[in-house]
């Protein structure tokens, strides 16, 4: 459906990501939000306007907490680069 707004797309992606994380027995409740925010970052959600506010509201956390997790998140493709560049 092309009538979805950007916000609707963000909400749908957040809901799907929350369901996936909650279904995973490997992710502890303490790390739940960190994993959700990391996955959303890897999927490009935070490139969209107001995404941090929408994610914060959906996860019932502050926008500052979202930014904290974003600062501490290392994207998947950079993890490999960091480990190989330190060896040189």
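Residue numbers (our numbering): 1 to 88. Where a beta carbon is used, it is the ideal one built from N, C-alpha and C, also for glycine.
Just to confirm my understanding: we take residue i, look at its own chain, exclude 5 residues before and 5 after, and list those with CB closer than 8 Å. What are they?
i: residue 39; result: 17, 20, 21
i: residue 51; result: 10, 40, 45
Check each candidate in the options and name the one with the smallest Cα separation from residue i.
i: residue 7; options: 63, 31, 37, 45; result: 45
i: residue 9; options: 48, 74, 62; result: 48
i: residue 15; options: 31, 27, 37; result: 37
Run the CB neighbour count on residue i, radius 10 Å, all protein chains shown included, and call it buried at 16 or more, exposed below.
i: residue 29; result: exposed
i: residue 33; result: buried
Roughly how many whole angstroms lie between the Cα atoms of residue i and residue j?
i: residue 72; j: residue 65; result: 11 Å
i: residue 69; j: residue 5; result: 26 Å
Between residue i and the rest of its own chain, which residues show a CB-CB distance below 7 Å, the 5 nearest in sequence each way excluded?
i: residue 12; result: none
To which residues of the same chain is residue i closer than 6 Å at the C-beta, ignoring the five residues directly before and after it?
i: residue 63; result: 52, 53, 56
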